[in-house]
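Counting in this note's numbering, the sequence shown runs from 1039 upward without gaps. Every residue gets a Cβ at the ideal spot worked out from N, C-alpha and C, and that includes glycine. Below is one structure, written out as structure tokens, with a few remarks after it.
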Amino acid sequence: MSRNTETVTTYLDGFRKNDHAQILSCLTDDIEWTVFGGFHLTGKDAYDKAIDGPPELLDPPRLEVVRMVEQDDVVMAELTGAVRRAAGGEMRMSMAEVFVMRDGRIAERRAWVVELTENDYR
């Protein structure tokens, strides 16, 4: 496993445990995080505040890596997951993530999150 893939694996493990310190240790200070259709933020402080997600969702999410590929300083991951809703039930999702790496840390995270309401693809 490459250093970049190791970092992304450690990062995802931190999200599974809602471990802010572990997540932040994988990031550059000038990290950029974009969830398309959702938000864009810059910097570790802003990132730290966004880790827990919106109040209607409860931490931590369940995340499963379907596949992960790497080219140069970019790691791409296909994920499936679920997170509990504060009002009851859960949100199931399919995600595509692009991690742009710098010196073994995540400098940019670009995410596409699709909520699944019927089955594994809808």
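query                                                                                                                                          : result
Given this structure, state the Cα-to-Cα distance separating Gly1119 from Ser1132, to the nearest angstrom.                                    : 6 angstroms
By the 10 Å Cβ neighbour count, where 16 or more other Cβ atoms means buried, how is Tyr1159 classified, buried or exposed?                    : exposed
Restricting to Cα atoms, I'd like to know which of Val1151, Asp1068 and Pro1098 is closest to Leu1124.                                         : In the sequence as displayed, the identity of residue 1124 is Ala instead of Leu. Looking at the Cα atoms, Pro1098 is the closest of the given residues.
Could you give the C-beta distance for Leu1062 and Asp1086, rounded to a whole number, given that I count them as a contact under 8 angstroms? : 6 angstroms
Between which two residues does the alpha helix (DSSP H) holding Glu1044 run?                                                                  : Arg1041 to Lys1055
Measure the CB-CB distance between Asn1042 and Glu1108 and report whether it falls below 8 angstroms.                                          : yes
Rounded to the nearest angstrom, what separates Val1151 and Gly1052 at their Cα positions?                                                     : 19 angstroms
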